[in-house]
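**Q** Those protein sequences? They're chains A and B, same order as listed.
So in the working numbering, spot 178 of the first sequence is number 181, and the numbers just go up one at a time.
So in the working numbering, spot 240 of the second sequence is number 457, and the numbers just go up one at a time.
Quick one: structure below, then a few questions.
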Amino acid sequence: MVWAVPGLVFFLIFAIAPMAGIVYLSFTSWDGLNAPQFTALDNWSRFAGDSQIVQSTIVTAALLVGNIAVQAPISILLGVWSAGRQRNRAVLSAIFFLPLLLSTAATAIMWRQLLDPNFGVPSKLAVLLGSDTDPLGTQNGAIACLIIVTSWQFIPFHTLLYQGAARAIPPTLYQAASIDGAGRVRQFFHITLPQLRNTIITSTTFMVVGGLTAFDIVLLLTNGGPGTDTAILPFAMYQTAFRTYDYGYASAIATFLLLLATGTSLVLVKVSGYDKMTSTLEGL
Amino acid sequence: MRIRPNYVAGLAAVVWLLIIGVPLYALLNTALQPQSTYTDGGPVSLPSTVTFENFVTVVQSGFPLYLWNTFLVAVLTVAIVLILGIPISYAVVRGRGWLTRGVFRLFLLGLAIPSQAVIIPLFLVVNGLGLYDSLWGIVLPTAAFALPVSVLVLSGGMRDISVSLYEAMALDGAHPARILRELVIPLSRSSIATTCVFTALQAWNGFLFPLIMTQSDETKVVTLGLYNFVSEYEANVPALMAAVLMSAIPILVVYLFARRSLVMGLMGAGGK
């Protein structure tokens, strides 16, 4: 057990203690210069009546659901496809991997230019789309763009997870199914998908955590706009803390985000049985 | 077993190739154009004039230093995660009882802590340690938030080591440190590789910690450099695209020369 102590202390200082800190700060008023003033539930009563928070939560949820709905099916299909050992699949897979080499900041900046209404793709497609088409100009458009760009960047990663998992499926299962006359589609639904169960859970966990923490993409692609239409919770928190220096209220938003994330992860852990701590080799 | 070619999937793959390829082509194409032709032709035109002046602009604005800083952050973060994460995982896998389970649960929980949610107190911690505006101010929080995944991956790998091997070594009178060095580390090489790749990519991709924890030009990492570059060269799209490309060059080099380990490493993050 002593082996865990240094890492545990480190983790307590940099991750767990700040959690306690944020909960405490949510009960204070603080401008970052003077000492925090304890204001009891002031922030929270403001929080409860803040329409921006409601909107931020809805947008956060919309992005989360949209991202999973787009990324999961595509990456499962691509992953299974690229698990095949054919030469052309290997070559294409190597290209499909490329978006992963760009950081989120780089991806967002690249797409921002491509989507630019004056110089980007929309301006060249004016014949088709009509002039003055700004894909980021409306709330729905901006949300769609955020989902598309996030998917473009992260589908390669999830594809990779599924590719690895699909290769680990015992081929005898498929041979048995073929002998029984099961076609490709039936094999996919009755062998591949059930066998990918664990990876689906892992990959979805990554998407959920990533979705709740998507901040840089919003800052760089839409800057929360138009207006505050895409100010997801982390972004709203960042604005409140580091643009208007209202650290107390920002802490209340952060605490809410924390509860949301922890709640979601507890559900996922329960569903996945991660905490059972057993080797996957057991029973073989 | 004979393989029938799957035409539907093949067609879908070509469509996906376009979705991936066209933006990347636009990126490369724009970065190699002078600004004048970009304004006329737009991002996906055929290249007419090729120039490298955009890259010169990027280099002169300090990108080599930013890349070096990012490299340092990545290396230090990986080192800390391995030094702390391997012993934790060893303790979690070999330990028994409620305390061990508690430690493991704590890290599972940590998986879900959004770094944004704790950034304000974290800033106070870093500031209190006198690490504000230093690379360590980025490294330490990044390492702490990379630990949960690493512990999960590492302990997953170590759990697959057969118990009889541990017993055999213990019978020979080996103490835990020797078991760790001679049995556990060599046999969990693939999960260690996964941890390295995954942590390095996280450090590489990090944006929030550098944004909050650093300020001066000397400590700027490449993601932040890009962010500032945008406000400085807003109108010069080809230079922006050149900066985007340049920020990816180190990883591109790794990808070209060690594609297998990079891909295998990331794949391992999915567990089995």
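Using N, Cα and C, we set each Cβ at its ideal position, and we do this for glycine too.
Just so it is clear, the structure is predicted and the values come from calculations on it, not from any experiment.
Roughly how many angstroms separate the alpha carbons of Lys489 (chain B) and Ile204 (chain A), rounded to a whole number?
**A** On the second sequence, position 272 is the one that residue 489 (chain B) refers to. On the first sequence, position 201 is the one that residue 204 (chain A) refers to. Here the model assigns Lys489 (chain B) a pLDDT of 49, short of 50, so the residue's position is not dependable, and the following value carries that caveat. Looking at the two C-alpha atoms, the distance is approximately 11 Å.
**Q** Taking the CB atoms as reference points, tell me whether Pro365 (chain B) and Phe426 (chain B) lie closer together than 7 Å.
**A** Position 148 of the second sequence, counted from the start, is the residue given in the question as residue 365 (chain B). Position 209 of the second sequence, counted from the start, is the residue given in the question as residue 426 (chain B). Contact: no.
**Q** Which residues, in chain order, does the segment 52 to 69 of chain A contribute to contact with chain B at a C-beta distance below 8 Å?
**A** none
**Q** Using 8 Å as the cut-off, can you tell me whether the segment 455 to 463 of chain B makes contact with the segment 107 to 114 of chain A, which would need three or more C-beta pairs spanning the two stretches below that distance?
**A** yes
**Q** Below 8 Å on the Cβ atoms is my guess for Ala334 (chain B) versus Ala264 (chain A); work out the distance and round it to an integer in Å.
**A** Here residue 334 (chain B) refers to the residue found at position 117 of the second sequence. Here residue 264 (chain A) refers to the residue found at position 261 of the first sequence. Sure, about 7 Å apart at Cβ, within 8 Å.
**Q** Contact check, Val211 (chain A) vs Thr258 (chain A) under 8 Å by CB: the rounded distance?
**A** For the purposes of this step, residue 211 (chain A) is taken as residue 208 along the first sequence, with counting starting at 1. For the purposes of this step, residue 258 (chain A) is taken as residue 255 along the first sequence, with counting starting at 1. Between Val211 (chain A) and Thr258 (chain A) the beta-carbon gap is near 19 Å, outside 8 Å, which marks them as no contact.
**Q** Establish whether the CB of Ala257 (chain A) and some CB of chain B are separated by less than 7 Å.
**A** Locating residue 257 (chain A) in the first sequence gives position 254, counting from the first residue. Chain B, which has a Cβ nearer than 7 Å to the Cβ of Ala257 (chain A), makes this yes.
**Q** What residue from A:Tyr252, A:Pro229, A:Leu176, A:Pro159 has the CA that sits closest to Pro76 (chain A)'s CA?
**A** The count along the first sequence starts at 1 and reaches residue 76 (chain A) at position 73. Comparing Cα positions, the closest option is A:Pro159.
**Q** So within the segment 227 to 274 of chain B, which uninterrupted alpha helix (DSSP H) runs reach at least 4 residues, ignoring any that extend past its ends?
**A** Segments of the alpha helix (DSSP H) lying fully in the segment 227 to 274 of chain B: 252 to 258.
**Q** Taking Cβ-Cβ distances shorter than 9 Å, what residues in chain B pair up with Ile98 (chain A)?
**A** Translated into the one-based positions of the first sequence, residue 98 (chain A) becomes position 95. Within chain B, the residues near Ile98 (chain A) are Leu234, Ile237, Gly238, Leu241.
**Q** Let me know the secondary structure DSSP gives Phe41 (chain A) once reduced to three states.
**A** By 1-based counting over the first sequence, the position of residue 41 (chain A) is 38. Strand, per DSSP.
**Q** If we ignore side chains and look at the alpha-carbon of each, how far apart do Thr42 (chain A) and Pro21 (chain A) end up?
**A** Numbered from 1 along the first sequence, position 39 holds the residue referred to as residue 42 (chain A). Numbered from 1 along the first sequence, position 18 holds the residue referred to as residue 21 (chain A). Taking the straight line from one Cα to the other gives about 20 Å.
**Q** Mapping the DSSP letters down to three states, classify Ala247 (chain A) as helix, strand or coil.
**A** Position 244 of the first sequence, counting from 1, holds the residue named residue 247 (chain A). In the sequence as presented, Ala is not what sits at residue 247 (chain A); that position holds Thr. The answer is coil: DSSP assigns Thr247 (chain A) none of H, G, I, E or B.
**Q** With distances taken Cα to Cα, identify the nearest neighbour of Ala291 (chain B) among B:Thr268, B:Val438, B:Gly312.
**A** For this step, residue 291 (chain B) is matched to residue 74 along the second sequence. Here the closest residue by C-alpha is B:Val438.
**Q** Answer with yes or no whether the minimum CB distance from Thr268 (chain B) to chain A is below 7 Å.
**A** In the second sequence, residue 268 (chain B) corresponds to position 51, counting from 1. The beta carbon of Thr268 (chain B) does not come within 7 Å of any beta carbon belonging to chain A, so the residue lies off that interface.
**Q** Could you give the uninterrupted runs of the alpha helix (DSSP H) lying entirely in the segment 5 to 79 of chain A, keeping only those of 4 residues or more?
**A** List check, alpha helix (DSSP H) in window: 8 to 14, 20 to 28, 45 to 51.
**Q** Would you check if the distance between the CB atom of Phe238 (chain A) and the CB atom of Gly251 (chain A) is smaller than 7 Å?
**A** Along the first sequence, one-based indexing puts residue 238 (chain A) at 235. Along the first sequence, one-based indexing puts residue 251 (chain A) at 248. No, they are not a contact pair.
**Q** Cβ atoms of Met375 (chain B) and Val401 (chain B): under 7 Å apart, would you say?
**A** Locating residue 401 (chain B) in the second sequence gives position 184, counting from the first residue. Locating residue 375 (chain B) in the second sequence gives position 158, counting from the first residue. Contact: yes.
**Q** Check the Cβ of Pro39 (chain A) against every Cβ in chain B and list those closer than 7 Å, keeping chain order.
**A** Position 36 of the first sequence holds residue 39 (chain A). By Cβ distance, chain B contributes nothing, its closest Cβ being about 10 Å from Pro39 (chain A), past 7 Å.
**Q** In whole angstroms, give me the CA-to-CA distance for Ala185 (chain A) and Gly123 (chain A).
**A** For this step, residue 185 (chain A) is matched to residue 182 along the first sequence. For this step, residue 123 (chain A) is matched to residue 120 along the first sequence. Straight-line Cα distance between these residues: approximately 48 Å.
**Q** At a Cβ threshold of 7 Å, is Met210 (chain A) touching chain B?
**A** Against the first sequence, residue 210 (chain A) aligns to sequence position 207. Taking Cβ atoms only, chain B never reaches closer than 7 Å to Met210 (chain A), which makes this a no.
**Q** Taking only beta-carbon atoms, is Gln116 (chain A) less than 7 Å away from chain B?
**A** Here residue 116 (chain A) refers to the residue found at position 113 of the first sequence. Yes, Gln116 (chain A) lies at the interface with chain B (some Cβ there is under 7 Å from its Cβ).
**Q** Starting from Thr440 (chain B), find everything on chain A with Cβ-Cβ shorter than 7 Å and list it in chain order.
**A** Position 223 of the second sequence, counting from 1, holds the residue named residue 440 (chain B). Per Cβ cutoff of 7 Å: Ser106, Ala108.
**Q** Quick check: is the beta carbon of Ser29 (chain A) nearer than 7 Å to any beta carbon in chain B?
**A** Residue mapping note: residue 29 (chain A) aligns to position 26 of the first sequence, counting from 1. For Ser29 (chain A), the answer is no, since every Cβ of chain B falls outside 7 Å of its Cβ.
**Q** Rounded to the nearest angstrom, what separates Leu287 (chain A) and Thr195 (chain A) at their Cα positions?
**A** Your numbering for residue 287 (chain A) matches position 284 in the first sequence. Your numbering for residue 195 (chain A) matches position 192 in the first sequence. In this predicted model, Leu287 (chain A) has a pLDDT of only 30, less than 50, meaning its place in the structure is not dependable; the value taken from the coordinates is given anyway. Looking at the two C-alpha atoms, the distance is approximately 19 Å.
**Q** Please go through the same chain and pick out, in chain order, the residues whose beta-carbon is closer than 8 Å to the beta-carbon of Val275 (chain B), but skip the five residues on each side of it.
**A** As a working mapping, residue 275 (chain B) is identified with position 58 in the second sequence. Once the five neighbours on either side are set aside, the close Cβ partners of Val275 (chain B) are Phe446, Ala456, Ala459, Ala460, Met463.
**Q** Where does Tyr349 (chain B) fall in DSSP's three states?
**A** Taking the first residue of the second sequence as position 1, residue 349 (chain B) is located at position 132. Residue state, collapsed to three classes: coil.
**Q** Under 7 Å between the Cβ atoms of Leu386 (chain B) and Ile378 (chain B)?
**A** Along the second sequence, read from residue 1 onward, the residue named residue 386 (chain B) stands at position 169. Along the second sequence, read from residue 1 onward, the residue named residue 378 (chain B) stands at position 161. A quick correction: the sequence has Met, not Leu, at residue 386 (chain B). Taking 7 Å as the Cβ cut-off, Met386 (chain B) and Ile378 (chain B) do not qualify as a contacting pair.
**Q** Tell me whether Gly312 (chain B) sits in a helix, a strand or coil according to DSSP, three-state version.
**A** Working through the second sequence from its first residue, we reach residue 312 (chain B) at position 95. Looking at Gly312 (chain B) - three-state DSSP - the assignment turns out to be coil, as it is neither helix nor strand.
**Q** If you follow the alpha helix (DSSP H) that Thr153 (chain A) is in, where does it begin and where does it stop?
**A** The sequence position of residue 153 (chain A) within the first sequence is 150, counting from 1. 142 to 170 is the span of the alpha helix (DSSP H), which, as asked, contains Thr153 (chain A).
**Q** By DSSP, does Pro338 (chain B) sit in helix, in strand, or in coil?
**A** For the purposes of this step, residue 338 (chain B) is taken as the residue at position 121 of the second sequence. Pro338 (chain B): helix per DSSP, three-state reduction.
**Q** Looking at chain A, which residues of the segment 345 to 362 of chain B have a Cβ within less than 7 Å of any of its Cβ atoms?
**A** Leu357, Pro358, Ala361, Phe362
**Q** Give me the residue from B:Ala420, B:Gly354, B:Trp285, B:Ser367 with the minimum Cα distance to Pro304 (chain B).
**A** Within the second sequence, the letter at position 87 stands for residue 304 (chain B). When each option's Cα is compared against that of Pro304 (chain B), the closest is B:Ser367.
**Q** Please identify the residue among B:Val232, B:Gly238, B:Ile355 whose C-alpha is closest to the C-alpha of Thr287 (chain B).
**A** Taking the first residue of the second sequence as position 1, residue 287 (chain B) is located at position 70. Ranking B:Val232, B:Gly238, B:Ile355 by Cα distance to Thr287 (chain B) puts B:Ile355 first.
**Q** Please work out which residues of its chain come closer than 7 Å, Cβ to Cβ, to Glu384 (chain B), disregarding the five sequence neighbours upstream and downstream, and give them in chain order.
**A** Taking the first residue of the second sequence as 1, we reach residue 384 (chain B) at position 167. Nothing listed; no residue qualifies.
**Q** Check whether the Cβ atoms of Tyr472 (chain B) and Leu104 (chain A) lie closer than 7 Å to each other.
**A** For the purposes of this step, residue 472 (chain B) is taken as the residue at position 255 of the second sequence. For the purposes of this step, residue 104 (chain A) is taken as the residue at position 101 of the first sequence. Result yes, Cβ atoms of Tyr472 (chain B) and Leu104 (chain A) sit closer than 7 Å.
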